[in-house]
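Residues 1 to 282 (the UniProt record's numbering) are what the sequence shown spells out, left to right. Using N, Cα and C, we set each Cβ at its ideal position, and we do this for glycine too. In what follows, a structure is listed as structure tokens, so that the remarks can point back to it.
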Amino acid sequence: MRRRPARVLVLPLVLAAAIPALSMGSSAPVAADSVVIGGFPVEASQSPWTVALSSRDRFGGTRAGQFCGGVAVGRATVLTAAHCLDEDVLGGPPERVRDLKVIAGRTDLLSGRGGQEVRVSQAWVNPAYDGVSNAGDFGVLTLAEPLQGDPVIGMAADGDPAYAAGETATVYGWGDISGAGEYPDSLRAARVRVLPDALCEEAYPGGSDGTYDATSMLCAGEPEGGRDACQGDSGGPLVAQGRLIGLVSWGIGCGRAGNPGVYMRVSDIMRTLGWARASGDA
Ligand code: 4AZ
Numbered sequence: 001m002r003r004r005p006a007r008v009l010v011l012p013l014v015l016a017a018a019i020p021a022l023s024m025g026s027s028a029p030v031a032a033d034s035v036v037i038g039g040f041p042v043e044a045s046q047s048p049w050t051v052a053l054s055s056r057d058r059f060g061g062t063r064a065g066q067f068c069g070g071v072a073v074g075r076a077t078v079l080t081a082a083h084c085l086d087e088d089v090l091g092g093p094p095e096r097v098r099d100l101k102v103i104a105g106r107t108d109l110l111s112g113r114g115g116q117e118v119r120v121s122q123a124w125v126n127p128a129y130d131g132v133s134n135a136g137d138f139g140v141l142t143l144a145e146p147l148q149g150d151p152v153i154g155m156a157a158d159g160d161p162a163y164a165a166g167e168t169a170t171v172y173g174w175g176d177i178s179g180a181g182e183y184p185d186s187l188r189a190a191r192v193r194v195l196p197d198a199l200c201e202e203a204y205p206g207g208s209d210g211t212y213d214a215t216s217m218l219c220a221g222e223p224e225g226g227r228d229a230c231q232g233d234s235g236g237p238l239v240a241q242g243r244l245i246g247l248v249s250w251g252i253g254c255g256r257a258g259n260p261g262v263y264m265r266v267s268d269i270m271r272t273l274g275w276a277r278a279s280g281d282a
């Protein structure tokens, strides 16, 4: 059977939740090229639209049950990756996960302090999501109540210069910082570049790990590797020029030369959902 990124995503997190020492991320030395691999700490207030997806029932309470990222594009609307909502990940359909929540405005998940936790009232998973090619890896969460303080980011529409190869972009998340299942307690970010589609077409021509499709996906990282998203960052934002251009989706490994990160292209998500305007509620 072909390997699906959802499995790669969830196993280390389940382990990390079950073994507190692994989830602390502080005692073990971080590899020199660690990647958000190659990242730096940020405060949630610097990227208030970055949210954590959480289920303590499923993933344990150590890091507030965080298992994926997401991004607030409306006060009650959060985009995330479809593979985060897979039955393999959640153990059943999302509506069966009673404590599925979004945590917004909290830098340190271990502290349990700050920000807000809001229940997910509805989870829509893109029916066209293909776990083999990774096409269509997005879903929309509707929150039981709107987030306080309007922590919403605008989405970059088709043709926005923020999508141009060479642009500097920033990816945010609580994901693996070394590629070895080392999950930080606090939010991190990594500076990457939007890369030419040709680099991802070459790296991911089609196979068991996925197929790069330039229409619906976005290629970002560093050609030499070293800075990247990783497991646990999935569904989180890639931002350029202050606008949302991508959602963390997949890749081979993390921060490896020749294997850039693959993101869902936000303009294509907007097209699929029929969201015409550059930002706003669904
Ligand atoms: C994952 O499995 C995953 N290096 C997310 C991002 C990347 C690789 C894997 C990109 O969720």
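Whole-angstrom C-beta distance between residue j and residue i, which should lie under 8 Å
i: D137; j: S267; result: Not really, about 15 Å apart at Cβ, beyond 8 Å.
i: V194; j: A240; result: 7 Å
i: Q122; j: T142; result: 4 Å
i: A161; j: A76; result: This sequence places Pro at residue 161; Ala is not what is there. Incorrect: roughly 30 Å between the Cβ atoms, too far for contact.
i: G221; j: P260; result: 4 Å
i: residue 283; j: G91; result: Summary: the structure shown does not reach residue 283, with the chain confined to residues 1 through 282, and so no result is reported for it.
i: G246; j: G175; result: 15 Å between Cβ atoms; not a contact.
i: A128; j: S234; result: So it is not a contact: roughly 18 Å between Cβ atoms.
i: L85; j: G139; result: 5 Å
i: G173; j: G236; result: 4 Å
i: V118; j: A144; result: 6 Å
Chain-order list of residues whose beta-carbon lies under 6 Å from that of residue i (same chain, five-residue window excluded)
i: I153; result: W49, L244
i: R188; result: V36, G39, P41
i: D209; result: I252
i: S54; result: A64, G65, Q66, K101, I103
i: M217; result: V262, R265
i: D228; result: V35, I37, G221, C254, G255, G261
i: G274; result: none
i: T272; result: none
i: V120; result: L100, L141
i: G159; result: none
i: E95; result: none
Close Cβ partners of residue i (< 7 Å) along its chain, the five nearest in sequence each way excluded
i: E202; result: none
i: S186; result: P41, T107, D108
i: P151; result: P48, W49, A72, A104, G105
i: E224; result: A257
i: D130; result: G136
i: G112; result: A64
i: R191; result: T168, T170, R227
i: E87; result: P93
i: C230; result: V35, V36, I37, G175, D176, G179, C254
Residues that DSSP places opposite residue i in a beta bridge
i: Y172; result: A189
i: D228; result: I37
i: E117; result: I103
i: D108; result: S186
i: G74; result: T77
i: R243; result: A240
i: A123; result: L141
i: R265; result: G246
i: C68; result: L53
i: M155; result: L244
i: G221; result: R193
i: T211; result: P205
Cutoff 8 Å; reference residue i; Cβ partners in own chain excluding five residues on either side
i: T215; result: R265, D268
i: residue 285; result: Outside the shown range of the chain, which is 1 to 282, sits residue 285, and nothing can be said about it.
i: A156; result: A162, Y163, A240, Q241, R243, L244, I245, V266, S267, A278
i: D57; result: G65, V97, R98, D99
i: A276; result: M270
i: G166; result: R193, V194
i: G114; result: A44, G105, R106, T107, D108
The segment 85-99 contacting the segment 42-52, beta-carbon criterion three pairs below 8 Å:
no
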